[in-house]
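Start counting the sequence shown at 39; every next residue gets the next number (my numbering).
We treat Cβ as the ideally placed atom computed from N, Cα and C, and that holds for glycine.
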Amino acid sequence: MPRLARPLPPRLRPLLLAILLGTLPLSACNRHPSSGQLLAAARQARQQGDQRTATIELKNLLQQNPRQASARLLLGKVYLDTGDAAAAEKELRRALQLGLTAAEVLPALGRALLLQGQYDKLLAEIALDPAQPLSAVLRGHALLAQKHPEQAAALYAQALQRQPGLPEALLGQARLALWRQDAAGALRLVEQALRHHPEHIESLRLQGDLLRDAGRLDAARHSHERILALRPRDAQAHVDIAHLQLQAGQLAAARASIAAAREVAPNSLLVLYAQALLDYRNGQQKAALERLQQILRAAPEHPPSLLLCGAVQAALGAPVQAEQHLRQFLDAAPGQPYASKLLASVLLMQDKPAAVLALLQPLQATAAPDAELLALLGEARMRLRQFSQAAEDFRQASELAPATPALHMALGISRLGSGDHARAIGELEQAAAAHLPRAGVLLVMSHLRAREFGAALAAVQALERQGANPLLHNLRGGVQVASQDLAGARRNFEQALAMDAQYQPALDNLAQLDLMEQQPQQARRRYLAALARQRGSLALQLALAQLAIRREQGSEAIDWLEQACRDHPDAPAPALLLVRLRLAGGEVAKALSLAQKLQAAQGGNADALALLAEAQNAAQQPVAALESLSQLAQLQPASATVQLQLARQHLLLRRLDAALQAAYKALHLQAQQPEALALAVALLLDKQAYAEALKLARQAQQAEPDQPLGYKLEGDILLSQQQAGPALPLYAKAYTLIPSGPLAIALHRARLAAGRRAEAAQQMQAWLRQHEGDAPTRLYYASSLMQEQDYRAAAAQLERLVSADGRNVIALNDLAWAYQQLGDARALDLAERAYRLAPTNPAVADTLGWILQQRGQTERALALLKRAVEQAPTSTDIRYHLVQSLAKAGDRAALRRHAERLLASRDFPQREQVRALLAQP
């Protein structure tokens, strides 16, 4: 049996306690490695590519010893490996503060600054050190990024002279070769670096990237797999392989590679980006956007994320945000083909065709022939109505990609625009034969435009062979309407609705048939029945409002729009239409209030801002309207139309220099924009800057020699200098190129100024005989006859205008004045009619007031004339009529006040008459 243990002698108990207590620190050390052991473990993990383990080891070390400089340095390098440049910079700067030398830290810090695009900071902080060849390499990288390739080349050469075969310098030269579009040369330099250093990770990485760009996906994958053989837990290598798999369409394999990278580096920006790319390819745009936003919060200038974010925003239908990200990417990589083409498509989404041309034309001059680029150029030119150039773009694109139906369709559309009907039909038939539905519809519409009803019906039948649907019944009905088969059209529209009771195009077409047959109530009942089935339908509420407008039932239209606004508070369409309707009805205060609410709710809606400016102008708030238009210009910086609106607003406020500047900006955005060009010339003439105005006119002639505008503008410049004789042949040439009412007016003015009155009258009367409905030109001619005091001839022209349009306020007002001069009793009735139509128009109030004064109705006349003067305080004619009425009324105080205002005017011709009125007792 075992021997029993004897108790320890009392004198030995303290010794045992000391021994036991002494072993505790030793045991604790065995459980918690030293700083040196943690640092060694982190280095080993990093060497294997296990950045996650390296990060854990280093954070444990720094928790024990926050001032361990070498740990800060290594942690910074680990963050660089995972792509987190901002965190890397923070740790590296701590390492410098804790006493490490610049030679130890700056190479890694330089990489961190490069990754963040902070090139100026790198050049300021990393001086050229002959003893450190890497300093030259880093500075070379920064200078190359800032587009100074020659300086970068010198620095790479200097580094290689100091240390031959330095892989970082050879990689710099490879990047320089890429800058010069020499991909083959770049690959040779990378392979040279690998011959010197076959296990250099960054060389292997760049080799893989270059091989991928060359389309050699298997060879590229081999390069990245060599990295994994050296560093099995290298997250970036897994990510790079995932990118290759995505490019090859191997989405499941890519997902597995990303999962392997995430296991190693779960918070890596590289992994986040790869997952975002996978989400994008899978159509999960919102998930992709969330990940990209995480990346850009940490690294706001990360180029791949900017590019992908642009693509994602475009896919989500957010073109303004997409444009912002893509332009930021192209600032760092100008001319990058994919980004440029993607930005072009985004600009087309925003209807900015001129900006597309400015973006893509330089790329077209340097890039290899590209069907997609040519198609985008063609689309932009088509929207600018440059149809012949668009057709040439699409022709070249279809030659590069002959099997692409969409290109044949686009070529067909452009040829339709340029009037080449026969060839357009051929292209559309080719596209439609490839089962492109939109091409088939366009083919039908093209035949309809040419009134080829049989061919249009045959094209519909060809589409019907692909399967019946409501669209085709609706299309067949449209052909039948065009060929006057209204009964057949009605049957097809009804069949479309039988297939889909909510197919609104057919419903709208049936309503149009009702209107054509003078049955507006039937159309209304049709929409109401549909609304009973689809309660709260915005489309139907808008249709009922539009129908009420056509029936001139303004109050009913407003009721429908207000209902639509209540049911759909976030929908801009009903609110926009309601504002327009209230403005048209003279309800300016209500329109302005609603426009302000709409703009506050739809801050990024360009239509809401433009309508707010219109309402502010109607409410006599031109400064506020200018502010709204300025915001609109910030929202649409590439819009020539908005700049033209700004120019007009500045002109309204008599800010002539600002108006000219805005007109010039519009011309910069869209060269030869007619209204901007005409406005710029008019403003220059106001400044008597004849040479500058002439330069613009001559540029227009050179740019578009077959267009009349440049010649007309030069004629205006000469006429403003009292040179009517030299102006006449210019106006005549413009008129010969494209005859128009405005050019007929210009010729008439020039002939009058040259003293050729009979010739001027003959030409104007000939134009009006050929163009009976040209109301603006007839109104101008009547006005010129009134200025010559030929009231009878003026009245004959004005009577024709009033007969054609009894609501033409200007014609009614001028005819009332002419009749008054002729002693015709009809003058008062016409003046009253004009005033009922436009009670706030000062010219109309002046005419009615003066006729009443002439007929002895002084009290009402004075009220009207006073209001007219308040509305047009700078009009000397209206104030003169008021002075005459005040004299008859015996109001001497008011007479003297207004008479002194008239006498103070420089160009007032009736001074003696006013003095005579003042002299009366």
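Per DSSP, what are the beta-bridge partners of residue i in this structure?
i, result
"Asp-272", "Asp-88"
Can you tell me whether residue i is buried or exposed, with buried defined as 16 or more other CB within 10 angstroms of its CB?
i, result
"Asp-852", "buried"
"Gln-211", "buried"
"Arg-335", "exposed"
"Met-11", "No statement about residue 11 is possible, as the shown extent of the chain runs from 39 to 959 and does not include it."
"Asp-256", "exposed"
"Arg-243", "buried"
"Gly-114", "buried"
"Glu-730", "exposed"
"Gly-753", "buried"
"Gln-858", "buried"
"Met-824", "buried"
"Ile-587", "buried"
"Ala-964", "Lying outside 39 to 959, the shown extent of the chain, residue 964 is not represented and no answer is given."
"Ala-273", "buried"
"Asp-278", "buried"
"Tyr-318", "buried"
"Ser-343", "buried"
Compute the beta-carbon to beta-carbon distance between residue i and residue j, rounded to the nearest angstrom, for a pair I have assumed lies under 8 Å.
i, j, result
"Ala-312", "Ile-333", "So it is not a contact: roughly 11 Å between Cβ atoms."
"Asp-605", "Gly-574", "5 Å"
"Leu-134", "Val-143", "5 Å"
"Ala-215", "Gly-223", "4 Å"
"Ala-701", "Leu-717", "5 Å"
"Ala-353", "Gln-323", "5 Å"
"Ala-418", "Val-394", "4 Å"
What separation, rounded to the nearest whole angstrom, lies between the Cα atoms of residue i and residue j?
i, j, result
"Gln-951", "Pro-660", "36 Å"
"Cys-347", "Ala-570", "43 Å"
"Leu-670", "Gln-711", "19 Å"
"Arg-200", "Pro-171", "6 Å"
"Arg-893", "Asp-915", "19 Å"
"Lys-185", "Arg-218", "11 Å"
"Ala-613", "Leu-381", "31 Å"
"Asn-674", "Ala-644", "As written in the sequence, residue 674 is Gln, which differs from the Asn given in the question. Those two C-alpha atoms are separated by around 8 Å."
"Leu-62", "Leu-147", "The predicted position of Leu-62 is uncertain, since its pLDDT is 33 and thus under 50; no value can be drawn from it."
"Pro-443", "Leu-316", "For Pro-443, the predicted structure reports a pLDDT of 42, less than 50, and the residue's modelled location is therefore unreliable. A value from the coordinates is still provided. Looking at the two C-alpha atoms, the distance is approximately 29 Å."
"His-234", "Gly-246", "17 Å"
"Leu-817", "Arg-693", "30 Å"
"His-473", "Leu-616", "Confidence is the limiting factor: at His-473 the pLDDT is only 42, short of 50, which leaves the residue's position unreliable, though a coordinate-based value still follows. Taking the straight line joining both Cα atoms gives about 41 Å."
"Leu-734", "Pro-767", "19 Å"
"Ala-294", "Leu-415", "40 Å"
"Gly-811", "Ala-782", "14 Å"
"Val-921", "Arg-905", "13 Å"
"Leu-401", "Ala-165", "36 Å"
"Ser-778", "Arg-787", "14 Å"
"Asn-530", "Gly-515", "5 Å"
"Gly-492", "Gln-499", "11 Å"
"Arg-84", "Ala-221", "31 Å"
"Ser-73", "Ala-314", "38 Å"
"Thr-93", "Gln-101", "12 Å"
"Arg-864", "Arg-807", "27 Å"
"Pro-338", "Pro-187", "25 Å"
"Asn-846", "Val-384", "43 Å"
"Ala-961", "Ser-378", "Because the chain spans 39 through 959 in this model, residue 961 falls outside it and cannot be assessed."
"Ala-536", "Asp-546", "14 Å"
"Leu-308", "Gln-283", "16 Å"
"Gln-759", "Ala-520", "53 Å"
Any chance the CB of residue i is under 7 Å from a heavy atom of the ligand ATP?
i, result
"Gln-658", "In the structure shown, the ligand ATP is absent, as is every other ligand, since no ligand is present at all."
Notebook entry, point to check: In chain order, which alpha helix (DSSP H) runs of at least 4 residues are fully inside the region 286 to 334?
Noted result: 289 to 302 and 307 to 319
Notebook entry, point to check: Could you give the uninterrupted runs of the alpha helix (DSSP H) lying entirely in the region 570 to 624, keeping only those of 4 residues or more?
Noted result: 576 to 588, 592 to 605 and 610 to 622
Check: At which residue ranges does the region 717 to 795 contain complete alpha helix (DSSP H) runs of 4 or more residues, listed in the order of the chain?
Finding: 728 to 741, 747 to 758, 762 to 775 and 779 to 791
Item checked: Length at least 4, wholly inside the region 863 to 923: the alpha helix (DSSP H) runs in chain order -> 865 to 875, 880 to 892 and 896 to 909
Next item on the list: Output the residue ranges of the alpha helix (DSSP H) runs that lie fully inside the region 533 to 558 and measure 4 residues or longer, sorted by chain position.
Entry: 542 to 554
Next item on the list: Kindly provide the ranges of any beta strand (DSSP E) runs that are 3 or more residues long and lie completely inside the region 368 to 397, ordered along the chain.
Entry: none
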